[in-house]
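Here's the structure we're looking at; comments come further down.
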């Protein structure tokens, strides 16, 4: 479809961010090389340009960082909550001040569009620190009894889809409650966490309270298994989550897991079609679909299926894929070659199993990792693409006739993280929302987040909640 | 001294609102603290455990969908029924735990009071741990607790009645359904509780009571794909670890064993351990900072 408007290039300037050629591990307030001297390269997914070389944490580094965190815990947990609060407020402010720089950095390292890092990630990152800062001196009033105690050293392993936001979700409540942290960012997106180390320096945070260990799965596993870690928090795949649950079995480590999802986005026949289409797009193409709570299964009422799909295809044809630094870009790059291969394989399997594949006319850049927005129709519940988490811009469309059938299909998954409901009928929203087995239900909207709101899954989407008052529990001895 | 021969009771399991013998046909000898024979308790099998899960799953929709007010009344009804059968339970608890009659009576009183305590929680827990979140945007959102589903409960070994009720009542107060493995050595109060539950308006399948070898029954429950959570209260350290590993396979919610004084008034942790938090969002229609709206 010809576009009514032409877009001139509108790239965000890279000059606001100064990426060093190399970075160390951040342990006890200092940057240091890995004990075994290992390094790895982090590349920009949109260009495959090497951005920096980063020290790769190993077991010895994990041990050193945990020791530093343990040492820092004594003083940090003994600080009056009001003092801890001020550190966190400082961090929130510095993030706001440096948010343009961090947004550009995140886009470079992750591949997601600048309009998402600028308008979604960074404001939420600052908001999380601001929200939890205020809890630090009010824990007596959080509903966990008087004087709830921190757990100690928190080992935190986060994914690459929202590198800085997941860091905020993990670090803000941990510090507010008086814990110290050792955090391992994902191997493909270590940079914003290392910039965060600099923010800790600017905020004057005591040494050892926050330690950052870029590295691979082995470093994460060593951190989770470390005997002096009191709390483990993980966001990532369900398979790794199960492995972590086995690792901490029989210990006293407290565990929270935010794992995969296969969210159903249910559109009833009385839904406002245009809003629903926008919600479907947000649900599955936000962050290239690399979102655990993505609405990756569209359940549409049969009577409006054709109309909705026509409107959806028309809308998808207007999405702009390309340079993530361009302010008009809707769809950025896939985070890594490995992830691209996984998405590609699952999409091919969808075709092989008989689903019908559609993508808008879409030119993919020559370098970098790209996947066109993709729609599958003729999907049944038995199809792999309707069951497995793809973690990419791939939407499977299924239909239903009655609300009961919609609920049954939506719940027919081992996951239970998110779901969407589109209808103008309030009683239907409430009835369906109460029957859906998922931790977050968006009605007539999708993919909305807020630090005051608990987020987390039922069933194999993990356990525990992050955000809100509920998010404190994971870091308190209650 | 009457020479009337007393009538012994055949103790049976309580599954799906019925009183089956073990599918395996096995029983084991239960004795009092001095080693005197009390009864032959059913020695449940893996099949009994799986049947109990089926019954608990079947009951989940109705029980979790019941109003909190209704659940509260049903729990209170259990206390009423127990009160009327106090003498029986005092005798059974005294035998099971080797307690004097007065100490056993104190245990039974505390147990009845525990039901009353949880009966009052059913319609309050959502207000205490849920609520509206002040979102920074034009949205209304609400977090509410919901039961996680079928909970396998390894009941405490030493406290055969008060401990048992202290771990079962919080599970069902919040709308979960339970498969309970009674104390291995002292299962009789738990099996008799089944008879009370059956006459207390608790729908069949909401609580299912198994007696037998704890390790033998807990293993298939911890590995069961249709069990959502497990309370390891009565598992020793080695068994608890093994069960927790098995529970990881479908990411069951796990409540680890901990030292508990069951006479103390409990906190809400045994309820929150088996609750999910669901957050539902909806646009508010606010048009922005101007304050103008519909």
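Protein chains in written order, with the UniProt record's numbering: chain A, 1 to 478; chain B, 1 to 294.
In this text, a Cβ means the ideal position worked out from N, Cα and C, and glycines have one as well.
For clarity, every value in this text was computed on a predicted model and none was experimentally measured.
Look at the beta carbons and you see the stretch 242-249 of chain A touching the stretch 243-258 of chain B: at least three pairs across the two are nearer than 8 Å.
Bounds of the beta strand (DSSP E) holding residue 300 (chain A) are 297-301. Per the Cβ contact rule, the stretch 355-374 of chain A is not in contact with the stretch 254-270 of chain A (fewer than 3 Cβ pairs under 8 Å).
Closest option to residue 395 (chain A), judged by alpha-carbon separation, among A:380, A:401, A:404: A:380.
For residue 137 (chain A), the closest of A:312, A:49, A:418, A:78 by C-alpha to C-alpha distance is A:78.
Counting along the chain, residue 42 (chain B) sits inside the beta strand (DSSP E) bounded by residues 37-42.
If you check each beta-carbon in the stretch 383-398 of chain A against every beta-carbon of chain B, none falls closer than 8 Å. Neighbours of residue 143 (chain B) in chain A, taken as residues at a C-beta separation under 8 Å, are given in chain order as 453, 454, 468, 470. Taking a 10 Å sphere around the C-beta of residue 5 (chain A), we find fewer than 16 other C-beta atoms and assign the residue as exposed.
Neighbours of residue 478 (chain A) in chain B, taken as residues whose beta carbon is under 8 Å from its own, are 269 in chain order. Every beta strand (DSSP E) of 3 residues or more that sits fully in the stretch 392-468 of chain A is shown, in chain order, as 394-400, 418-422, 440-443. For residue 274 (chain B), there are no C-beta contacts with chain A under 8 Å, since the nearest C-beta of that chain is about 11 Å from it. In this structure, residue 258 (chain A) lies away from residue 58 (chain A), with their beta-carbon atoms at least 7 Å apart. Here the alpha carbon of residue 106 (chain B) sits roughly 19 Å from the alpha carbon of residue 76 (chain B). In the three-state reduction of the DSSP assignment, residue 31 (chain A) falls in the strand class, which pools E and B.
Identification of chain B residues near residue 443 (chain A) by a Cβ-Cβ cut-off of 7 Å yields 280, 281, 282, ordered along the chain.
In terms of CA proximity to residue 122 (chain A), A:451 leads the group A:451, A:203, A:226. Taking all protein chains in view, the Cβ of residue 161 (chain A) is crowded by 16 or more other Cβ atoms within 10 Å, so the residue is classified as buried. Closer than 7 Å to the CB of residue 185 (chain B) there is not a single CB belonging to chain A. Rounded to whole angstroms, the separation of the alpha carbons of residue 68 (chain A) and residue 224 (chain B) is 41 Å.
The continuous beta strand (DSSP E) containing residue 231 (chain A) extends over residues 231-235. Around the beta carbon of residue 37 (chain B), fewer than 16 other beta carbons lie within 10 angstroms, which makes this residue exposed. Beta-bridge analysis with DSSP links residue 326 (chain A) to A:11. Apart from sequence neighbours up to five positions away, the residues of its chain that approach residue 115 (chain B) with a beta-carbon distance below 8 Å are 75, 76, 78, 79, 82, 165, 169, ordered along the chain. By the Cβ-count criterion, residue 278 (chain B) is buried, with 16 or more other Cβ atoms from all chains shown falling within 10 Å of its own Cβ. The alpha carbon of residue 245 (chain B) has as its nearest neighbour, out of B:258, B:23, B:260, B:221, the alpha carbon of B:221. With a threshold of 7 Å between beta carbons, residue 248 (chain B) makes contact with chain A. Residues 72, 75, 76 of the same chain have their beta carbon placed closer than 7 Å to that of residue 206 (chain A), with the five preceding and five following residues left out of the count. Taking 7 Å as the cut-off between beta carbons, the residues of the stretch 222-242 of chain B near chain A are 240, 241, in sequence order. At least 7 Å separates the beta-carbon of residue 6 (chain B) from that of residue 23 (chain B). Residues of the stretch 267-285 of chain A with a Cβ closer than 7 Å to any Cβ of chain B: none.
An exposed status is given to residue 9 (chain A), since fewer than 16 other beta-carbon atoms sit within 10 Å of its beta-carbon. Against chain A, a Cβ distance below 8 Å from residue 67 (chain B) picks out nothing, because the smallest value is about 12 Å. For residue 119 (chain A), there is no enclosing beta strand (DSSP E), as DSSP gives it neither H nor E. Taking 7 Å as the CB threshold, residue 242 (chain A) lines the interface with chain B. Cα atoms of residue 228 (chain A) and residue 266 (chain B): separation of roughly 30 Å, rounded to the nearest angstrom.
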